[in-house]
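Residue numbers (our numbering): 263 to 456.
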Amino acid sequence: TLKLGILASGNGSNFEAIMDAIEDSRLNAKVNVVVCNNPGANVLERAAKWSIPTVLLNHREFASREVLDQAIVDTLVQHDVGWVIMAGWMRRVTQHLIDAFSGRLLNIHPSLLPSFPGLHAVQQALDAGVQLAGCTVHYVELAVDSGPIIMQAAVPVLAGDTEASLQSRIQVQEHRIYPAAIALAAHAHFTKTS
Ligand code: GAR
């Protein structure tokens, strides 16, 4: 059973999809803690509904990214977390977090990386006029939205799409692939030879 720590900044629909996957045994895991940087984020209510402990680490109250990430690592260690799942985590991470959970730190991004990293990825795709958009689950490296890709899903961009309509088509796929990608990464980790 994987011991997950979720880092989330906002709505938390990916957190919810992971909980649903655990609930119906598509993912053999347990969420030990949800760490959130925004007071009032919907993910806090979702976690409470599932009786998952939440820790609010408001980045505005930390002197630097390094100090915030130190507090995040301490929190994750205190909650006996083995794998860190960034699910709508909208802060850049430091080497500190990466080193502490090397090979067990995953992110999801709403584009077919390496296209459209960073903020407003869905609007970036619309602006570029691509006909295929999608989402990517990847291991986290220091550069924003970079690192080895674990799983992707593509969706069509349809005539008349808005950022909201394309985002919701992408999110259906996010909710499908994130639990599967976590299971795949764990499988790869635990069957690694040499
Ligand atoms: C997701 O679409 C995720 O891909 C994106 O934020 C959304 C969070 O939704 N993440 C990024 O843009 C990271 N660069 P959620 O809070 O409902 O899971």
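Glycine included, each C-beta is placed from N, C-alpha and C at the ideal position.
CB of residue 429 within 7 Å of CB of residue 384, strictly: If you check the CB distance, residue 429 and residue 384 come in under 7 Å.
Buried or exposed by the 16-neighbour rule on C-beta atoms within 10 Å, applied to residue 289: By the neighbour-count rule (16 or more Cβ atoms within 10 Å), residue 289 is buried.
Going by DSSP in three states, residue 306 sits in which element: helix, strand or coil? Look at residue 306 here: in three-state DSSP terms it is helix.
Is any non-hydrogen atom of the ligand GAR found closer than 6 Å to the C-beta of residue 299, if you look at the structure I gave you? No, Cβ of residue 299 sits at least 6 Å from all heavy atoms of the ligand GAR.
Run through DSSP, which three-state label would residue 283 get? Collapsing the DSSP output to three states places residue 283 in a helix.
DSSP state of residue 369 mapped onto helix, strand, coil: For residue 369, the secondary structure class from DSSP, reduced to helix, strand or coil, is strand.
Can you look up residue 454 in the DSSP assignment and give me helix, strand or coil? Correct three-state label for residue 454: coil.
Assign residue 315 to buried or exposed, taking buried as 16 or more other Cβ atoms, counted over all protein chains shown, within 10 Å of its Cβ. By the 10 Å Cβ count, residue 315 comes out exposed.
Helix, strand or coil for residue 393, going by three-state DSSP, please let me know. DSSP places residue 393 in coil when its eight states are reduced to three.
Is residue 325 helix, strand or coil when you go by DSSP? Collapsing the DSSP output to three states places residue 325 in coil.
Compare the C-alpha of residue 320 against each of 408, 406 and 333 and name the closest. That would be 333, whose Cα lies nearest to the Cα of residue 320.
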